[in-house]
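Quick notes on the structure that follows.
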Amino acid sequence: MAETAVQEKEPLFGKKERKLLTDPLDSNNPVTVQVLGICSALAVTTLTFKALVMSVAVVFVCGFAALITSLLRNLIPGQVRMIVQLVIIAGLVTIVELTLKAASYPVYKDLSVFIGLIITNCIVMGRLEAFSLANKPWRSFLDGIGNGLGYGLILIIIAVIREIFGKGTLMAGSPWGGINIIGANNATTSYWINTAAESGIGTWFSWYANNGLMVLPASSMFIIGVIIWVQRSWNKDLVDIS
Amino acid sequence: MDALNLFLKAAFVENMVLAYFLGMCSYLAVSKTIKTAFGLGLAVIFVLGITMPINWLINEYLLSDTGIFGQDLTFLRFILFIAVIASMVQLVEMVIEKFSPSLYNSLGIFLPLITVNCAILGGSLFMVSREYNFGDSVAFGMGSGFGWFLAIIAIAAIREKIKYSNVPPALRGLGMAFIITGLMGMAFMSLMGIDLGV
């Protein structure tokens, strides 16, 4: 596509670059294939909005940590690379945390430790180790963004399922207000703005009682297990032989 | 008595793995056999038990505005906490290498990876946000380490047995491990609501 514009030795956005972005979405997904970064993820998937904020934060940290590490890759001595990487990540996470605190305090309160836990999110560390230390900055940046997006994709799928069936709403808690999808009016906590209570969608399925299981952390485990099952059923290469 | 209650609460009621899903990466990766799971579990108990009080002292006397610098330095919290954890893990690694080379070899890469085990940093951040005192932080650290230990031993035992079952191919391995973890989380939930007074 765009490679016609810059067709020198290395196109700015050629096939390989596009692959770096799309591979982590499916066949090399950080969550379901590489098993990285499950730690801090699953606790934030009760609401879609929280998952969205978390995904944006991870995409940002992942992309820029990869970029910075890749720029410094020839200067970092091998023995202390872990510490250097941690410092880079911790710095970026601090930026995200302070920004979020200033932008939306209730969301910050809700996500609290989980933003901090992006530091120990194995995706970021894992991609730095596996890719950025050996590749050029632009490609590392794309790889970081791609992996962040792959993580965000799974996170949002889980969150949408959990929120619709567990709370009957979608995007509740977001600044522009959530909507009630199924079940009776579900607005409960103070900063939830439920705008769709009289839109009619809710009343069609008003017989639906919220499924308490979906609110529990355990449900995210089942959902991710099923996602892995579905993905591996149509992508046979990923099946675990052992 | 409060400390004991907090220990039990951290280990059972609010288990790091099964209630908060922290430390999942090494939990899933190292739980194929009981032997290695046991070694890693012990290492995590030790690291959590040590880093939590150290981080409490750092937070109280270096970073807070009543500390020795007299300034609010909490924005340095992440970097200092992770540095403490990384150095403690290094220490544990050297101790295990000296006293049990066989365990050291079987743990391999997963020992240094305790540094990025979310349960460790998560524990320290929980401790700050819940405003524990020094004694509480020791009890909470030991308790959550013990809870992590229990959880990884339990899933390793189940995974050793499930090898003999006929699981659908696409669900084999990782998918099944996730579902088992979910079921274990539900089982642990039956302990929820037990009020220990902390």
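Residue numbers (my numbering), protein chains in the order written: chain S, 1 to 242; chain E, 243 to 440.
Glycine included, every Cβ here is placed at the ideal spot set by N, Cα and C.
When only Cα atoms are considered, A130 of chain S and A43 of chain S end up about 26 Å apart.
Within the segment 108-150 of chain S, the runs of alpha helix (DSSP H) at least 4 residues long that lie entirely inside it are, in chain order, 122-130. Counting only runs of 4 or more residues that sit fully inside the segment 358-440 of chain E, the alpha helix (DSSP H) segments are 360-371, 376-404 and 416-431, in chain order. Secondary structure at N347 of chain E: helix, using DSSP grouped into helix, strand and coil. Under the Cβ distance rule, R232 of chain S counts among the residues neighbouring chain E, one pair being separated by less than 8 Å. In this structure, the beta-carbon distance from V124 of chain S to A65 of chain S falls below 8 Å. No Cβ of chain E is located within less than 8 Å of the beta carbon of A65 of chain S.
Look at the segment 19-40 of chain S: the residues with a C-beta under 9 Å from a C-beta of chain E are T32, V33, V35, L36, G37, I38, C39 and S40.
When the alpha-carbon of L322 of chain E is set against those of E:M426, E:Y303 and E:V337, the nearest one is in E:Y303. Interface criterion not met: the Cβ of I436 of chain E is under 8 Å from no Cβ in chain S. V215 of chain S and G168 of chain S have their C-alpha atoms spaced approximately 11 Å apart. The C-alpha of I300 of chain E lies about 19 Å from the C-alpha of A361 of chain E. It is roughly 11 Å from the alpha-carbon of L36 of chain S to the alpha-carbon of G148 of chain S. At least one C-beta of chain E is nearer than 8 Å to the C-beta of F222 of chain S. Its Cα nearest to that of G424 of chain E, the residue S:I223 stands out among S:I223, S:L238 and S:Y151. Using a 10 angstroms sphere on the CB of Y262 of chain E, the tally of other CB atoms reaches 16 or more, which defines it as buried. Y262 of chain E: member of the alpha helix (DSSP H) spanning M258 to Y262, first to last residue.
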